[in-house]
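J.: Handing you this structure, nothing more for now.
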Amino acid sequence: MRGVISAAGYVPYQRLDRSAIADFFGTGGGTGTRAVASYDEDTTTMGQAAADLALRSSDIEPEALWFVTSAPAYLEKTNAAAIHAALRLDAAVEALDLGGAVRSGIGALRAALGGKGRTLVVAADTRDGLPTGADEASAGDGAAAVLVGDDSDGPVLAEYLGGASRTLEVTERWRIPGGARSRTWEERFGAHVLGPAAAEAWQAALAGSGIDGAAGIDRLAVTGLNSRAVATALKAIGANAGSLVDPLINTVGNTATAHPALLLCSALEHAAPGETIAVVALADGVEAIILRATEAIADHRPAAPIAGQIAQGGSLSYGRFLAWRNMVTVEPPNRPAPARPSSSAANRRTDWKYGFTGSRDRSSEMVHLPPARVSQRGGAADEMDPAPMAHTSGTVASFTVDRLAYSPSPPTVFAVVDFDGGGRVPLELTDVDADEVHVGMRVVPTFRRLYTADDIHNYFWKARPLRDGASGSAPPGDSL
Amino acid sequence: MSSHGITDRVAVIGMGCTPFAEHWDASLDDLIIDAAHSAYRSAGIAQDEVDAFWFGTSQSAASGLGMAGPLKIEGKPVTRVENYCATGSEALRQACYAVASGAYDTAMALGAEKVKDGGYQGLNAFPIPTDGTQRTLTAAAMFSLMLPAYADRYGVDRDELRYVAARIASKNHHNGARNPLAQFRREMPAERICEMPAVAGMLSVFDCAGVADGAAAAIVCRAEDAHRWCADPLYVKGLSVVTGTGAGSLDPDYDYTTMPECAQAAADAYTQAGVTDPRSQLALAEVHDCFTPTELVLMEDLGFSERGAAWRDVLDGVFDLDGDLPVNTDGGLKSFGHPVGASGLRMLYEVWLQLRGEAPVDRRIPETGRTLGLTHNLGGYPGEIVSFVGVFGTKKER
Numbered sequence: 007m008r009g010v011i012s013a014a015g016y017v018p019y020q021r022l023d024r025s026a027i028a029d030f031f032g033t034g035g036g037t038g039t040r041a042v043a044s045y046d047e048d049t050t051t052m053g054q055a056a057a058d059l060a061l062r063s064s065d066i067e068p069e070a071l072w073f074v075t076s077a078p079a080y081l082e083k084t085n086a087a088a089i090h091a092a093l094r095l096d097a098a099v100e101a102l103d104l105g106g107a108v109r110s111g112i113g114a115l116r117a118a119l120g121g122k123g124r125t126l127v128v129a130a131d132t133r134d135g136l137p138t139g140a141d142e143a144s145a146g147d148g149a150a151a152v153l154v155g156d157d158s159d160g161p162v163l164a165e166y167l168g169g170a171s172r173t174l175e176v177t178e179r180w181r182i183p184g185g186a187r188s189r190t191w192e193e194r195f196g197a198h199v200l201g202p203a204a205a206e207a208w209q210a211a212l213a214g215s216g217i218d219g220a221a222g223i224d225r226l227a228v229t230g231l232n233s234r235a236v237a238t239a240l241k242a243i244g245a246n247a248g249s250l251v252d253p254l255i256n257t258v259g260n261t262a263t264a265h266p267a268l269l270l271c272s273a274l275e276h277a278a279p280g281e282t283i284a285v286v287a288l289a290d291g292v293e294a295i296i297l298r299a300t301e302a303i304a305d306h307r308p309a310a311p312i313a314g315q316i317a318q319g320g321s322l323s324y325g326r327f328l329a330w331r332n333m334v335t336v337e338p339p340n341r342p343a344p345a346r347p348s349s350s351a352a353n354r355r356t357d358w359k360y361g362f363t364g365s366r367d368r369s370s371e372m373v374h375l376p377p378a379r380v381s382q383r384g385g386a387a388d389e390m391d392p393a394p395m396a397h398t399s400g401t402v403a404s405f406t407v408d409r410l411a412y413s414p415s416p417p418t419v420f421a422v423v424d425f426d427g428g429g430r431v432p433l434e435l436t437d438v439d440a441d442e443v444h445v446g447m448r449v450v451p452t453f454r455r456l457y458t459a460d461d462i463h464n465y466f467w468k469a470r471p472l473r474d475g476a477s478g479s480a481p482p483g484d485s486l
Numbered sequence: 110m111s112s113h114g115i116t117d118r119v120a121v122i123g124m125g126c127t128p129f130a131e132h133w134d135a136s137l138d139d140l141i142i143d144a145a146h147s148a149y150r151s152a153g154i155a156q157d158e159v160d161a162f163w164f165g166t167s168q169s170a171a172s173g174l175g176m177a178g179p180l181k182i183e184g185k186p187v188t189r190v191e192n193y194c195a196t197g198s199e200a201l202r203q204a205c206y207a208v209a210s211g212a213y214d215t216a217m218a219l220g221a222e223k224v225k226d227g228g229y230q231g232l233n234a235f236p237i238p239t240d241g242t243q244r245t246l247t248a249a250a251m252f253s254l255m256l257p258a259y260a261d262r263y264g265v266d267r268d269e270l271r272y273v274a275a276r277i278a279s280k281n282h283h284n285g286a287r288n289p290l291a292q293f294r295r296e297m298p299a300e301r302i303c304e305m306p307a308v309a310g311m312l313s314v315f316d317c318a319g320v321a322d323g324a325a326a327a328i329v330c331r332a333e334d335a336h337r338w339c340a341d342p343l344y345v346k347g348l349s350v351v352t353g354t355g356a357g358s359l360d361p362d363y364d365y366t367t368m369p370e371c372a373q374a375a376a377d378a379y380t381q382a383g384v385t386d387p388r389s390q391l392a393l394a395e396v397h398d399c400f401t402p403t404e405l406v407l408m409e410d411l412g413f414s415e416r417g418a419a420w421r422d423v424l425d426g427v428f429d430l431d432g433d434l435p436v437n438t439d440g441g442l443k444s445f446g447h448p449v450g451a452s453g454l455r456m457l458y459e460v461w462l463q464l465r466g467e468a469p470v471d472r473r474i475p476e477t478g479r480t481l482g483l484t485h486n487l488g489g490y491p492g493e494i495v496s497f498v499g500v501f502g503t504k505k506e507r
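Sequence lines, in order, name chains B and V. Just so we're aligned: 15 in our numbering is position 9 of the first sequence, and the numbers increase by one with no gaps anywhere. Just so we're aligned: 189 in our numbering is position 80 of the second sequence, and the numbers increase by one with no gaps anywhere.
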């Protein structure tokens with residue numbers, strides 16, 4: 007049996023209330039909220055966050071990591087390698103970037119399900135559109151990760167029953183690399199070509215899965231960036247309303263490349279053993295996959311359920327949203343911009359910079375962050391073991407709000423963090439209001455992009471609040 | 110630590126100090142020349158009679174060439190030293206040790222910094238290539254960690270401690286207003302400082318040192334030769350540098366209410382100088398008030414106040430110009446300004462003036478019969494500090 011071994015979604019903390027758009031421009035926007043990647047998040051960091059959650063709820067190591075996005079932080083350089091490093095995966099694990107096209111998200115998932123080996127599919131997107139446009143309002147930022155493998159690798163939560171594909175060469179939605187917006191043809195044209203393709207793919211997927219009609223599907227997710235085409239497809243499929251998975255448009259927004267996997271994760275978080283789940287994605291044709299939840303789903307304990315993440319969003323002003331997305335240029339702090347990180351220095355310290363791994367002195371047990379060769383206590387040299395800290399919670403010992411330091415989004419909130427079980431390091435706080443920080447606040451490390459200099463993204467770790475007050479050094483559980 | 114010291118073996122025989130200011134019209138070379146020539150005149154010594162030179166600059170020049178060139182020092186050793194904001198004191202220490210060793214009869218320590226050609230406010234570190242994981246906080250933010258930590262540890266109301274910090278700044282502005290070389294010569298009531306917007310933690314810009322260009326220089330010689338040039342030299346009683354390991358940023362036991370490196374340097378310097386009760390023995394102290402919380406905590410680290418009592422002593426005026434132990438009588442970094450490489454020698458300049466009765470009358474310390482003065486100069490941040498403490502006196506006892 008082959009299928010999904012683990013799955014997790016990541017919804018960034020910041021939320022934009024869509025009504026703020028019309029409040030500002032007098033037009034555009036809509037209802038509900040969209041999830042917004044913070045100024046220090048990109049598809050790589052969000053992908054890492056989702057992948058980390060997926061791997062936490064299973065102790066199975068992938069053999070390959072496929073990263074899919076339409077908004078890569080780098081071209082030419084492999085973004086999956088940064089995720090790989092931040093997950094502390096073995097060098098033998100192959101990390102690849104796929105895509106550029108929105109279709110690649112569901113495509114990678116279907117390729118993994120139909121392939122072999124343990125493959126971690128990570129899909130992430132940040133979605134931009136010009137102010138007041140439909141994409142700005144309906145889109146959202148987010149990520150999802152699905153670990154695919156065989157039952158010989160570990161318990162399969164949902165067995166892959168089958169899938170189908172229909173490919174169309176159609177210029178229905180497009181974007182030039184580097185462009186700030188996508189362009190679309192008349193929406194009705196997209197519905198005209200995608201609707202029949204959806205019906206065909208759907209019938210083929212059902213037939214290949216041995217399921218007799220839409221009534222045999224318990225949880226159905228149909229997604230695509232052309233909402234009229236999605237409605238047409240739903241009609242063509244003949245889905246019953248009770249089986250429809252919440253498309254998360256009103257809370258998260260359409261995360262495009264990540265959305266099929268995100269909806270699959272969401273469906274798995276609610277599925278009972280034996281239930282069938284179908285995901286149909288419309289993009290330059292149609293991809294459809296059908297799975298059946300196994301008995302193992304009853305024991306599925308997501309590290310951070312999507313519903314819980316949605317419930318914990320922070321409120322972001324529209325002005326700040328526009329600044330973060332480079333839609334408006336705000337006056338930068340009158341300080342020199344930081345220098346680019348040294349590639350050779352970063353490479354020597356991959357374990358620290360990406361893996362957030364310090365060192366623990368064998369004799370004194372003192373944790374050194376960053377890793378040291380000579381112990382602060384006792385002075386023993388080269389008597390250290392790695393001390394991975396990415397999953398360790400900590401407590402704010404002291405903090406300050408720096409209104410003078412360079413930051414892509416001032417002010418900088420910095421805290422001296424003491425980690426459970428030992429280790430101290432001063433870290434920048436993120437996903438936090440300066441006013442809510444206090445000594446004793448519980449925080450967890452989070453992988454972020456500190457700034458970009460000379461087109462080099464400087465990735466490192468910050469700390470963010472453990473919002474439901476969960477304590478202990480265990481994975482944050484529902485408290486993401 | 111087996112630190113033997115060089116008590117009474119080296120004397121300061123001349124000093125010079127430029128105004129500290131935004132010297133838009135003066136170059137680093139100008140400042141070096143002005144400070145050096147002023148020191149030569151003060152000692153009545155010719156440049157040719159100085160055997161060796163130590164040049165302290167943090168970021169304004171890269172080698173001894175930066176000093177030998179403008180001064181045209183021919184055929185002599187000129188060495189650049191750097192130790193963060195303690196650079197000027199480090200230059201002095203090297204010059205003193207060189208003379209005490211017998212290697213040279215005379216030496217000059219000169220500190221200079223040109224910070225205002227960068228185009229930005231504040232101090233900006235020269236970027237060393239790194240892995241990009243170093244924190245990017247300002248020094249103000251790092252030192253701002255000390256106020257809430259102190260308030261919590263000693264149960265002081267935060268608003269009251271805010272006022273204490275402002276009172277330190279106000280005192281230093283009061284003193285600086287009486288100093289023709291100082292960058293800021295305006296008195297500033299503590300109440301007004303408290304009303305200013307915070308820029309880092311609880312600190313406002315008036316809790317931060319002035320950023321200035323400037324230079325200062327000292328000429329030292331063997332103590333037994335001092336009277337050849339100077340009727341009333343200052344004798345070096347104790348010199349200490351303690352450099353931390355960065356433990357405070359690593360070790361959860363560190364609580365940001367002290368700078369252990371400073372306490373260790375003070376203990377070492379006091380032992381060398383025979384100081385057992387600094388508060389009653391010192392005539393004045395020039396300390397590194399880069400930010401107001403720094404001066405507060407230093408009063409305890411340097412042994413002027415009991416632990417947890419400095420805030421009260423500040424309110425009681427103990428460190429005022431007419432107090433029991435006047436601190437930063439020239440205005441300190443706060444008001445005199447902080448050209449990084451020059452500050453340590455600027456501190457000694459004030460001790461030079463005060464102990465020898467040359468300070469302007471309106472900021473002269475009361476006559477107490479005390480003959481010792483202290484300079485304390487630090488670089489780095491709470492938790493990772495390089496600290497200098499020097500004790501100097503008018504009486505040679507050995």
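The C-beta atom is built at its ideal place from N, Cα and C for all residues, glycine as well.
Give, in chain order, every residue of the segment 249–268 of chain V whose Cβ lies closer than 8 Å to some Cβ of chain B.
T.: If the cut-off is 8 Å between Cβ atoms, the segment 249–268 of chain V has A249, A250, M251, S253, L254, P257, A258 and D261 near chain B.
J.: Cβ atoms of A144(V) and A326(V): under 7 Å apart, would you say?
T.: Here residue 326(V) is taken as the residue at index 217 of the second sequence, counted from 1. Here residue 144(V) is taken as the residue at index 35 of the second sequence, counted from 1. Yes, the pair counts as a contact, with Cβ atoms nearer than the cut-off.
J.: Do I507(V) and D139(V) have their C-beta atoms closer together than 7 Å?
T.: The sequence position of residue 507(V) within the second sequence is 398, counting from 1. The sequence position of residue 139(V) within the second sequence is 30, counting from 1. With the sequence shown as reference, residue 507(V) is identified as Arg, and Ile is not the correct amino acid for it. Their beta carbons are not under 7 Å apart, which means R507(V) does not touch D139(V) by this criterion.
J.: Return the CA-CA distance between A239(B) and G53(B), expressed in angstroms with no decimal places.
T.: Numbered from 1 along the first sequence, position 233 holds the residue referred to as residue 239(B). Numbered from 1 along the first sequence, position 47 holds the residue referred to as residue 53(B). When rounded, the distance between both Cα atoms is 29 Å.
J.: Does chain B have any CB closer than 7 Å to the CB of N284(V)?
T.: Within the second sequence, residue 284(V) is the residue found at index 175, counting from 1. N284(V) does not count as touching chain B.
J.: Which runs of the beta strand (DSSP E) spanning at least 3 residues fall entirely within the segment 182–220 of chain V, listed in chain order?
T.: You should have 187–190.
J.: Classify R473(B): buried if its beta carbon has 16 or more other beta carbons within 10 angstroms, exposed otherwise.
T.: Start at 1 with the first residue of the first sequence, and residue 473(B) comes out as number 467. With 16 or more other Cβ atoms within 10 Å, it is buried.
J.: Can you give me the start and stop residues for the alpha helix (DSSP H) that E409(V) sits inside?
T.: The sequence position of residue 409(V) within the second sequence is 300, counting from 1. T401 to D410 is the span of the alpha helix (DSSP H), which, as asked, contains E409(V).
J.: Closest to A286(V) by CA distance: which of T247(V), R295(V), E476(V) and S279(V) is it?
T.: Taking the second sequence and counting its residues from 1, one reaches residue 286(V) at position 177. The shortest C-alpha separation from A286(V) is found at R295(V).
J.: With H, G and I counted as helix, E and B as strand and the rest as coil, what does DSSP make of I27(B)?
T.: Counting from one through the first sequence, the residue named residue 27(B) turns up at place 21. In the structure shown, I27(B) sits in a helix (DSSP, three-state: H, G or I).
J.: Using a 10 Å radius around the Cβ and a threshold of 16 neighbouring Cβ atoms, would you call M7(B) buried or exposed?
T.: As a position in the first sequence, residue 7(B) is number 1, starting the count at 1. So M7(B) ends up on the exposed side.
J.: DSSP on S12(B), reduced to helix/strand/coil?
T.: Working through the first sequence from its first residue, we reach residue 12(B) at position 6. Reduced to three states, the DSSP call for S12(B) is strand.
J.: If you compare alpha carbons, which of S365(B), Q382(B) and K359(B) is closest to R244(V)?
T.: Locating residue 244(V) in the second sequence gives position 135, where the first residue counts as 1. The shortest Cα separation from R244(V) among S365(B), Q382(B) and K359(B) belongs to K359(B).
J.: Taking Cβ to Cβ, would you say A294(B) is nearer than 7 Å to A205(B)?
T.: The sequence position of residue 294(B) within the first sequence is 288, counting from 1. The sequence position of residue 205(B) within the first sequence is 199, counting from 1. Their beta carbons are not under 7 Å apart, which means A294(B) does not touch A205(B) by this criterion.
J.: If we ignore side chains and look at the alpha-carbon of each, how far apart do Y457(B) and S110(B) end up?
T.: Counted from its first residue, the first sequence places residue 457(B) at position 451. Counted from its first residue, the first sequence places residue 110(B) at position 104. One C-alpha to the other measures close to 28 Å.
J.: Might you give, ordered along the chain, the residues of its own chain that have their beta carbon closer than 7 Å to the beta carbon of P417(B), omitting 5 neighbours on each side?
T.: The residue you call residue 417(B) lines up with position 411 of the first sequence. Excluding residues within five positions, the ones whose Cβ falls inside 7 Å are V407, D408, R409 and A440.
J.: Candidates I27(B), S370(B), V438(B) and V445(B): which alpha carbon is nearest F469(B)'s?
T.: Against the first sequence, residue 469(B) aligns to sequence position 463. A small correction: the amino acid at residue 469(B) is Ala; Phe does not occupy that position in the sequence shown. Of I27(B), S370(B), V438(B) and V445(B), the residue nearest in Cα terms is V438(B).
J.: Quick check on DSSP: helix, strand or coil for C92(V)?
T.: Here chain V comprises residues numbered 110 to 507, so residue 92(V) is not present and cannot be evaluated.
J.: Anything in chain B within Cβ reach of V308(V), meaning under 7 Å, just list it in chain order.
T.: By one-based count along the second sequence, residue 308(V) stands at place 199. Result: R409 and L410.
J.: Once the 5 residues before and after A393(B) are set aside, which same chain residues still bring their CB inside 7 Å of it?
T.: As a working note, residue 393(B) is residue 387 in the first sequence. Around A393(B): T363, G364, S365, R366, V373 and G429.
J.: Using 10 angstroms around the beta-carbon of P488(B), count the other beta-carbons present and answer buried if the total reaches 16, otherwise exposed.
T.: This structure gives no information on residue 488(B), because the portion of chain B shown stretches from 7 to 486.
J.: Helix, strand or coil, according to DSSP, for C339(V) in the structure here?
T.: Working through the second sequence from its first residue, we reach residue 339(V) at position 230. Note: C339(V) maps to coil in three-state DSSP.
J.: To the nearest angstrom, report how far apart G125(V) and A152(V) are at their CA atoms.
T.: Mapped onto the second sequence, residue 125(V) falls at position 16. Mapped onto the second sequence, residue 152(V) falls at position 43. Their Cα atoms are separated by approximately 9 Å.
J.: Run the CB neighbour count on K122(B), radius 10 Å, all protein chains shown included, and call it buried at 16 or more, exposed below.
T.: As a working mapping, residue 122(B) is identified with position 116 in the first sequence. With fewer than 16 Cβ atoms within 10 Å of its Cβ, K122(B) is classed as exposed.
J.: What is the DSSP secondary structure of P339(B), reduced to helix, strand or coil?
T.: In the first sequence, counting from the first residue as 1, residue 339(B) sits at position 333. In the structure shown, P339(B) sits in coil (DSSP, three-state: anything other than H, G, I, E or B).
J.: Within a Cβ cutoff of 7 Å, which residues of the same chain sit near A77(B), ignoring the five residues on either side of it in sequence?
T.: For the purposes of this step, residue 77(B) is taken as the residue at position 71 of the first sequence. Only T49, D131 and T132 meet the Cβ criterion.
J.: Starting from the beta carbon of T406(B), find every residue of chain V whose beta carbon is closer than 8 Å, and list them in chain order.
T.: The residue labelled residue 406(B) in the question sits at position 400 within the first sequence. Within 8 Å Cβ-Cβ: L246, A250, M251, S253, L254, A309 and G310.
J.: If you count every other CB in all the chains shown that lies within 10 Å of the CB of I237(V), and 16 or more means buried, which is it?
T.: As a first step, residue 237(V) is located in the second sequence; it is residue number 128 there, counting from the start. That one is exposed.
J.: Relative to the alpha-carbon of V422(B), which residue among A351(B), G446(B) and R368(B) has its alpha-carbon at the smallest distance?
T.: Position 416 of the first sequence, counted from the start, is the residue given in the question as residue 422(B). Of the listed residues, the one whose Cα sits closest to V422(B) is G446(B).
J.: Can you give me the C-alpha to C-alpha distance between A321(V) and G361(B), rounded to a whole angstrom?
T.: Here residue 321(V) refers to the residue found at position 212 when the second sequence is read from its first residue. Here residue 361(B) refers to the residue found at position 355 when the first sequence is read from its first residue. The straight-line gap from Cα to Cα measures roughly 42 Å.
J.: How many Å lie between L200(B) and A267(B) at the Cα?
T.: Mapped onto the first sequence, residue 200(B) falls at position 194. Mapped onto the first sequence, residue 267(B) falls at position 261. Cα to Cα, the separation comes out at about 20 Å.
J.: Examine chain B for any beta-carbon lying closer than 7 Å to the beta-carbon of D226(V), and answer yes or no.
T.: Counting from one through the second sequence, the residue named residue 226(V) turns up at place 117. Not one chain B Cβ lies under 7 Å of D226(V).
J.: Return the residues of the segment 312–323 of chain V that lie within a Cβ-Cβ distance of less than 8 Å from chain B, sorted by chain order.
T.: If the cut-off is 8 Å between Cβ atoms, the segment 312–323 of chain V has nothing near chain B.
J.: Are the beta-carbon atoms of A86(B) and L71(B) separated by less than 7 Å?
T.: The residue given as residue 86(B) occupies position 80 in the first sequence. The residue given as residue 71(B) occupies position 65 in the first sequence. Contact: yes.
J.: Who are K122(B)'s beta bridge partners in DSSP?
T.: In the first sequence, residue 122(B) corresponds to position 116, counting from 1. Paired residue(s): none; K122(B) is not in a bridge.
J.: Excluding five sequence neighbours on each side, which residues of the same chain lie with their C-beta closer than 8 Å to the C-beta of A171(V)?
T.: Position 62 of the second sequence holds residue 171(V). R189.
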